[in-house]
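S.K.: Can you read through this structure? Questions will come right after.
There are 6 protein chains.
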Amino acid sequence: MPTIIVEGPKADKETKRELVKRLTEVVREVYGVHHVSVIIHENETENVGVDGELLSDILERRRGK
Amino acid sequence: MPTIIVEGPKADKETKRELVKRLTEVVREVYGVHHVSVIIHENETENVGVDGELLSDILERRRGK
Amino acid sequence: MPTIIVEGPKADKETKRELVKRLTEVVREVYGVHHVSVIIHENETENVGVDGELLSDILERRRGK
Amino acid sequence: MPTIIVEGPKADKETKRELVKRLTEVVREVYGVHHVSVIIHENETENVGVDGELLSDILERRRGK
Amino acid sequence: MPTIIVEGPKADKETKRELVKRLTEVVREVYGVHHVSVIIHENETENVGVDGELLSDILERRRGK
Amino acid sequence: MPTIIVEGPKADKETKRELVKRLTEVVREVYGVHHVSVIIHENETENVGVDGELLSDILERRRGK
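Residue numbers (full-length UniProt numbering), protein chains in the order written: chain A, 1 to 65; chain B, 1 to 65; chain C, 1 to 65; chain D, 1 to 65; chain E, 1 to 65; chain F, 1 to 65.
Right under this line is the structure:
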C-alpha cells in the first residue's frame, strides 16, 4: 500500500482533488497495486528554502522588479 | 532515540496527550529504549487521499446518504 | 518546488524511471510549476504495517492457502 | 486513515510485527478509527545524530570504557 | 539534490531565512553539491512529544509552578 | 527538540559525522535550543527524481559525453 507524501504549495480543494486522483492513477499503474494513500502538506512560501533562500524572497524579487 | 511521525486527523489536546503517552510506552517496551520523540502532523480531511479520492469527499458522501 | 516522497515497495530501475517521469508530469500540470523533486523510499514488506499486521505476513497468508 | 512513520533502529521481524500490532491498537483506540498504516524506517546508528554526535559514536564511547 | 526537512518550532520569517541560509551552506560544503532544498514544518508544542509527554505540558510545568 | 531529516546521497561515516555536528550547531544557534536530533536517509541516485528524470540517468548522461 504505497503512501505518497506531497510537500507542496497552498492549493484549493479542486486542485487537491485532481492531484490525489491523478497521482493515485499513476501509482496504481506503475506499481500494479490498488490501495494508495496520499498526504498533502501545504507549505507557506516562507517555509521553503531553495538554494539558500526562502521561496517567498525569491518570488518577491521576481515580482518586484 | 526513535522518532515517531504521526500523519493523523485534527485532534484536541487531551487526545494528543494520550496518543503521545501510549505510543511512547509501546516504542519503549518493544525497542527497549528510553528516549522517544513523537511529532504529530494534523491533516485536514481535504489534504488526505484514499484510493484516489479526498477523504473529505468520502466522508461527505457517507454522511450524505 | 514541490517534493514528492514515495513510500513504496521494492522496484527495478525502469519502474522507478517511469514513476518519476509520470508523477512529475502530474505535479507540473496540476500545480503549474516546472521544478519537481521525487524521493523514492523502497520499503521491505516486513517494514510495512496494514491494519495491525505486517504486509509480509498478509502476503504470505494470501499465497499460502 | 492515519499513517505512522517510525524512524527506528534495526530490528528483527518479530520485533517489527509486535511494533505494528501495538502501535495500531493505540492509534485505533485513541483516534477511534479502523484503518492504520505503519511504515518502519530502520536507520543505522551512524545515520542518527543526537545532540551533535553520531549515535554510533555515542554507543561506542559508552561501551568502550 | 539533498532535501532537508526541519521539524521545528514556530518561528518568524527572519529566523527561517537564517535557518535556510545556514543549513544550505552546511549541506553544500559537507556533500559538495550546489542545489539544496529545505522544507520547514512548524509544529505547535502540543503536537510534539518528548519521552511520553507533550512538549507544551513540559514547558508549562517548567515555567509555572 | 527539533528533528532534522536529511534526504541525501550515500556518504561515508566521516561525512555524516561532520554533517550531524554542523547541522546541529546551526539549529541550536538559530532556534536557541540545546537538543537536536538528525536522521540521515541515504538515497541511491536511482531513487531520486529531478524534474522528471532519475538522478542516476542525469549523472550518467553528464559523464557520458
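In this text, a Cβ means the ideal position worked out from N, Cα and C, and glycines have one as well.
State yes or no: is the beta carbon of ASP57 of chain B nearer than 8 Å to at least one beta carbon in chain A?
M.R.: Counting from one through the second sequence, the residue named residue 57 of chain B turns up at place 57. Yes, ASP57 of chain B counts as interfacial toward chain A.
S.K.: Leaving out five residues before and five after PRO2 of chain C in sequence, what residues of the same chain have Cβ atoms less than 7 Å from its Cβ?
M.R.: Stepping through the third sequence from its first residue, residue 2 of chain C is reached at position 2. VAL27, TYR31, VAL33 and VAL36.
S.K.: Mind pulling the chain G residues with CB within less than 9 Å of THR3 of chain E?
M.R.: Of the chains in the structure shown, none is chain G; the protein chains are A, B, C, D, E and F.
S.K.: At a cut-off of 7 Å, would you count ILE40 of chain C as near the ligand HEM, judging by its Cβ distance to the nearest heavy atom?
M.R.: Ligands in the displayed structure: none, and consequently the ligand HEM is not present.
S.K.: With VAL20 of chain C as the anchor, note down where its alpha helix (DSSP H) starts and where it stops.
M.R.: As a first step, residue 20 of chain C is located in the third sequence; it is residue number 20 there, counting from the start. Its alpha helix (DSSP H) spans residues 13-31.
S.K.: Out of curiosity, what's the CA-to-CA distance linking LYS13 of chain B and GLU7 of chain B?
M.R.: Walking along the second sequence from the start, residue 13 of chain B turns up at place 13. Walking along the second sequence from the start, residue 7 of chain B turns up at place 7. So the alpha carbons of these two residues sit roughly 16 Å apart.
S.K.: When you check each C-beta in the region 18-37 of chain E against every C-beta of chain F, which residues fall closer than 7 Å?
M.R.: GLU18, LEU19, ARG22, LEU23, VAL26, VAL30 and TYR31
S.K.: Near LEU54 of chain E, what residues of its chain come up, given a Cβ to Cβ distance below 6 Å and the 5 sequence neighbours on each side ignored?
M.R.: Here residue 54 of chain E refers to the residue found at position 54 when the fifth sequence is read from its first residue. So the list reads GLU46, once near-sequence residues are dropped.
S.K.: Under DSSP, the alpha helix (DSSP H) around GLY64 of chain F begins and ends at which residues?
M.R.: Working through the sixth sequence from its first residue, we reach residue 64 of chain F at position 64. Where GLY64 of chain F is concerned, the enclosing alpha helix (DSSP H) stretches over 55-64.
S.K.: Are any of the Cβ atoms in chain D nearer than 8 Å to that of THR15 of chain B?
M.R.: Counting from 1 along the second sequence, the entry for residue 15 of chain B is found at position 15. For THR15 of chain B, the answer is yes, since a Cβ of chain D falls inside 8 Å of its Cβ.
S.K.: Hey, quick one: how far does the beta strand (DSSP E) through residue 93 of chain F stretch, first residue to last?
M.R.: Because chain F in this structure spans residues 1 to 65, residue 93 of chain F falls outside the shown range and cannot be described.
S.K.: Can you pull the chain C neighbours of GLY8 of chain A, defined as C-beta to C-beta under 7 Å?
M.R.: Looking up residue 8 of chain A in the first sequence gives position 8. PRO2 and TYR31, listed in chain order.
S.K.: Between GLU42 of chain D and chain F, is the shortest Cβ-Cβ distance under 8 Å, so that the two count as touching?
M.R.: Residue mapping note: residue 42 of chain D aligns to position 42 of the fourth sequence, counting from 1. No, no contact with chain F.
S.K.: Measure the beta-carbon distance from GLU43 of chain D to ILE5 of chain F and round it to whole angstroms, keeping in mind my assumption that it falls under 8 Å.
M.R.: In the fourth sequence, residue 43 of chain D corresponds to position 43, counting from 1. In the sixth sequence, residue 5 of chain F corresponds to position 5, counting from 1. The residue asked about is misnamed: residue 43 of chain D is Asn in this sequence, not Glu. Their Cβ separation, rounded to whole angstroms, is 10 Å, which puts ASN43 of chain D and ILE5 of chain F out of contact at 8 Å.
S.K.: Please list the partners that GLY64 of chain B has in chain A, where partner means a Cβ-to-Cβ separation under 9 Å.
M.R.: Numbered from its first residue, the second sequence carries residue 64 of chain B at position 64. Going along chain A, no residue has its Cβ under 9 Å from GLY64 of chain B, so there is no contact; the nearest lies around 16 Å.
S.K.: Quick one, are the C-beta atoms of VAL20 of chain D and GLY49 of chain C less than 8 Å apart?
M.R.: Against the fourth sequence, residue 20 of chain D aligns to sequence position 20. Against the third sequence, residue 49 of chain C aligns to sequence position 49. Yes.
S.K.: Work out the CA separation of LYS16 of chain A and GLY52 of chain B for me, nearest whole Å.
M.R.: Working through the second sequence from its first residue, we reach residue 52 of chain B at position 52. Working through the first sequence from its first residue, we reach residue 16 of chain A at position 16. The straight-line gap from Cα to Cα measures roughly 11 Å.
S.K.: Does the beta-carbon of LEU23 of chain C have 16 or more other beta-carbons within 10 angstroms, so that it is buried, or is it exposed?
M.R.: Counting from one through the third sequence, the residue named residue 23 of chain C turns up at place 23. Buried.
S.K.: Within its chain, find whatever has a CB closer than 7 Å to the CB of SER56 of chain C; leave out the 5 residues flanking it on each side and keep chain order.
M.R.: Along the third sequence, one-based indexing puts residue 56 of chain C at 56. So the list reads THR45 and GLU46, once near-sequence residues are dropped.
S.K.: Quick check on DSSP: helix, strand or coil for GLU42 of chain F?
M.R.: Residue numbering aside, residue 42 of chain F sits at position 42 when the sixth sequence is read from its first letter. DSSP places GLU42 of chain F in strand when its eight states are reduced to three.
S.K.: Does GLU60 of chain D get closer than 8 Å to chain F when you measure Cβ to Cβ?
M.R.: Locating residue 60 of chain D in the fourth sequence gives position 60, where the first residue counts as 1. It does not; no Cβ of chain F falls within 8 Å.
S.K.: Pull up the distance between the alpha-carbon of LEU59 of chain E and that of ALA11 of chain E, whole angstroms please.
M.R.: If you number the fifth sequence from 1, residue 59 of chain E lands on position 59. If you number the fifth sequence from 1, residue 11 of chain E lands on position 11. Cα-Cα distance, rounded: 17 Å.
S.K.: If you draw a straight line from the C-alpha of HIS41 of chain D to the C-alpha of PRO9 of chain D, how long is it?
M.R.: Translated into positions along the fourth sequence, residue 41 of chain D becomes position 41. Translated into positions along the fourth sequence, residue 9 of chain D becomes position 9. Spanning the two alpha carbons is a distance of roughly 8 Å.
S.K.: Going by DSSP, what residue range makes up the beta strand (DSSP E) through VAL48 of chain E?
M.R.: In the fifth sequence, residue 48 of chain E corresponds to position 48, counting from 1. Per DSSP, VAL48 of chain E belongs to the beta strand (DSSP E) from 48-50.
S.K.: Does the beta carbon of ASP12 of chain C come closer than 8 Å to any beta carbon on chain D?
M.R.: For the purposes of this step, residue 12 of chain C is taken as residue 12 along the third sequence, with counting starting at 1. No, ASP12 of chain C lies away from the interface with chain D (no Cβ there is under 8 Å from its Cβ).
S.K.: Give me the Cα-Cα distance between ARG61 of chain B and GLU25 of chain B, rounded to the nearest whole angstrom.
M.R.: As a first step, residue 61 of chain B is located in the second sequence; it is residue number 61 there, counting from the start. As a first step, residue 25 of chain B is located in the second sequence; it is residue number 25 there, counting from the start. Approximately 37 Å, taken between the alpha carbons.
S.K.: Can you grab the Cα-Cα spacing for the pair GLU29 of chain F / GLU18 of chain D, in whole Å?
M.R.: Looking up residue 29 of chain F in the sixth sequence gives position 29. Looking up residue 18 of chain D in the fourth sequence gives position 18. Taking the straight line joining both Cα atoms gives about 39 Å.
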